[in-house]
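Have a look at the structure below before the remarks.
Numbering (the working numbering), first residue to last: 16 to 639.
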C-alpha cells in the first residue's frame, strides 16, 4: 500500500515510525532505570542520542528536505511530551537530563521552531531537576559546542537555561556562578571571534541570551549583601565588559539591536561601580580577577582576554550614544576636561583606549570616535618635563609605546583619508605629550618595531623636526666646538644614538646596503616607499652633518673622523653603487614601472651625492 500512496501519506508513515522509535527507546529506558539496571539504561540512552543525532544531521544537511525536518520535529515533540508527563519517575528524568540537553540543542540550528522546542525541553528539566545539577549539566552542554559546526545556534538553548538556573540557586550562589561564568565567556569568545559559520541573526540571538544572563546575575546581586555582593558584583563587571567587547566586534554597529544590548550592559556596568573615569584610569583586570578567582586567577585570564577592550568601549559607546551616557549618569565633558588637565590620568586613558584601535574586529566607526576623543584630551598638551618621579612616568611608557603602535596601524590601514589624517595628528599629539628625555627612545623603538617603509620614513622625519626644534629653541650662549660628545639635557635628541638610527636604515642589521626594489618588482608603490625610507635617513644625516658643522659642535659625534670614514665607506658608497645600478638599468626603458623607478630614485640620488660631497669635504679638513 505504501508504494501506491501519495507523498503526504509516505511522510505520515515516516513520522509515525519516528515517533514509535522514540517512544520505544524512552519506555525501555524508563523501565531499566526503575529496575536499577544502570548499565543497560546508559546503553539505551546512548541509542536514543544516536538516533536523535541521525535526525538532526539529516535535517541540517539539507534545509529543503521537508520529510527530514518533519521527522526531526516529531522526535523533539515526542521527547517534550514524555518529559512533561507527571507520571514519569524522577530517576528517569535524572538519567535523561545528562545527555538530552546536548542532543536537543543540536536541532536549534534548523529553524526557530526547533530552537523553541529545544528550549522547552530544557525548561522541563529545569522544573524537575535541582538547579545546581542543571547548572553543571548546562555548562557541560556548552563545553560540547567546540564539536559543533553550527555552534552559535547550538549554544542558544543552554544559554537560555543558564539565565533561568542562576535565579533559582538558593545556596552558595557566588561559588556556583564563579564556575559557570568562565565557561560561558569562553564559548561566547569562540562563537564571536573564531567561528565563520554564524550569521548576524544567530549572533544577535547569542548575545541577547548573554545579556539575559547578565540581567539574571544582576537580579541576584540585589538580593545579596556584604562580601558576597561585593564579589558577585566584581564578577558581573568582568562578565559585562568581556561581553561588551565581543558584542561590539560581532554585531553590526548600525543595528538598533546592538545599541539596545549595549545600553543594557552599560547600565549593569554602572551598577557594578565601573565609572568611565575608573575604567579609563584605574581599572586593573588582574587585580579584579584575583579578587574574584583568588589563587586560580591565572587559569581564568584567557576567558577575560577582552575585558580591557570592554573597559575602553564602555566609554566609547558613551560617546556614540547620548542615551548610553545618560543611562550611566556620566558627564563626558567633565571627564575630557579632567584628562586634558591631568597628565598622569591622560597617559592612563591613552593606555586603555589603545585597545579599541588595536582590536581588528571592531568597526571603524568606533575607532573614529576613539580617535576624536583622544585628539580632544591631547590637544595642545606639550610635555616638556614630567613633574612626578622618574620611576612613576617611566612605568607608563610601555603602554604609551603600544598605544603609538596601535595609532600607527590605523594610519596604515584606515579606509578613509580623513581617519588617516586625524590619526597622524593624534600620533604627533601623543609624542608631544611624552617627556623630552623619553621621546627619542620611543621614536627609535617605533622605527625598529615596524616593517612599514612609509612609517619608518615618517618617524625619521619626525626625529629630524624634533632636532631642528631643539636647535631653534636653544637659548644658551653659543658653545665652543664639542669634541667629547657631551650629553646636553636640553637637547636630548642630539646624541650619538641618532647616527645609530641612520645606520639602521642605510646599513641594515643583516648587512649590505638598504633594500631598494627595482623595476622587476611588482608594484611601483613598493619602490616609492622603500626609497622614501632611505631618503628620510639621508636627509636626517645631511641635516645633522650640516648643523654640527655650522654650529661648530659635535654632540652626535658625526664629525669624528672614524664616523665620517664609516659613513663614507659603509653607508654612502655602497648605496651609490646600488642606486647607480638601478638607474642605469631603467633610464633607457620606457615601461611605466621603469619610468616610475627613475622618477622615484632621482631625488634620493641628489641627496645621496650631496651627502658624499659633504663627507669628502669634512674628511679633507679632518686631521684626526
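Virtual Cβ for every residue (Gly too), placed ideally from N, Cα, C.
By the Cβ neighbour-count rule, residue 42 is exposed, with fewer than 16 other Cβ atoms within 10 Å of its own. By the Cβ rule, the region 333–348 does not count as touching the region 217–235, because fewer than three pairs are nearer than 8 Å. Between residue 484 and residue 558, the C-beta spacing is not below 8 Å. Segment contact: the region 518–525 against the region 437–451, fewer than three CB-CB distances shorter than 8 Å; contact not assigned.
Proximity of the region 561–571 to the region 587–602 falls short of the contact definition, fewer than three beta-carbon pairs being nearer than 8 Å.
Secondary structure at residue 182: coil, using DSSP grouped into helix, strand and coil.
The C-alpha of residue 379 lies about 23 Å from the C-alpha of residue 220. Here residue 487 is exposed. Its C-beta has fewer than 16 other C-beta atoms within 10 Å. Residue 324 is positioned such that its CB atom lies no closer than 8 Å to that of residue 388. Scanning the region 338–376 from its first residue to its last, the whole alpha helix (DSSP H) runs of 4-plus residues come out as 347–356 and 358–373. Residue 395 carries a coil assignment under DSSP once its states are collapsed to helix, strand and coil. Taking a contact as a CB-CB distance under 8 Å, the pair residue 176 and residue 125 does not count as one, their CB atoms being some 19 Å apart.
Between residue 381 and residue 331, the C-beta spacing is below 8 Å.
By the Cβ rule, the region 299–315 does not count as touching the region 258–277, because fewer than three pairs are nearer than 8 Å. Distance from residue 196 to residue 115 at the Cβ level is roughly 24 Å; contact not present, criterion being Cβ atoms closer than 8 Å. Non-local beta-carbon contacts of residue 184 in its own chain, meaning distances under 6 Å to residues more than five positions away in sequence, involve 146 and 191 in chain order. Taken in chain order, the region 131–204 contains no complete beta strand (DSSP E) segment of 3 residues or longer. Scanning its chain for C-beta atoms nearer than 6 Å, with the 5 sequence neighbours on each side dropped, one finds around residue 476 the residues 551, in chain order.
Apart from the 5 residues on each side of it in sequence, residue 287 sits with its Cβ closer than 8 Å to the Cβ of 248, 249, 251, 252 and 255 in its chain, given in chain order. Assignment of residue 594 by DSSP, reduced to helix, strand and coil, places it in the helix class. By the neighbour-count definition (other C-beta atoms within 10 Å, threshold 16), residue 572 is a buried residue. Taking a 10 Å sphere around the C-beta of residue 54, we find fewer than 16 other C-beta atoms and assign the residue as exposed. The beta carbon of residue 281 sits closer than 7 Å to those of 329, 332, 339, 342 and 343, all from its chain and outside the five residues before and after it, given in chain order. Per the Cβ contact rule, the region 88–108 is not in contact with the region 149–163 (fewer than 3 Cβ pairs under 8 Å). Annotation: residue 505 is outside any alpha helix (DSSP H) and is labelled neither H nor E by DSSP. Under the DSSP assignment, residue 92 falls in the alpha helix (DSSP H) whose first and last residues are 81–99. Exclusion of the five residues before and after residue 355 leaves 392 as the residues of its chain whose Cβ lies within less than 6 Å of its Cβ. Residue burial annotation: residue 173 is buried, with at least 16 other C-beta atoms found within 10 angstroms of its C-beta. In the DSSP assignment, residue 332 falls within the alpha helix (DSSP H) that extends over 322–335. Between residue 570 and residue 293, the alpha-carbon positions lie close to 44 Å from each other.
About 15 Å separates the Cβ atoms of residue 117 and residue 141, ruling out a contact at the 8 Å cut-off. A distance of 8 Å or more separates the beta carbons of residue 129 and residue 166. Pairing residue 612 with residue 600, the inter-Cα distance amounts to about 10 Å. Exposure of residue 297 is indicated by the presence of fewer than 16 other C-beta atoms within 10 angstroms of its C-beta. Rounded to the nearest angstrom, the Cβ distance from residue 218 to residue 207 is 7 Å, consistent with a contact under 8 Å.
As the crow flies, the alpha-carbon of residue 620 is around 19 Å from that of residue 579.
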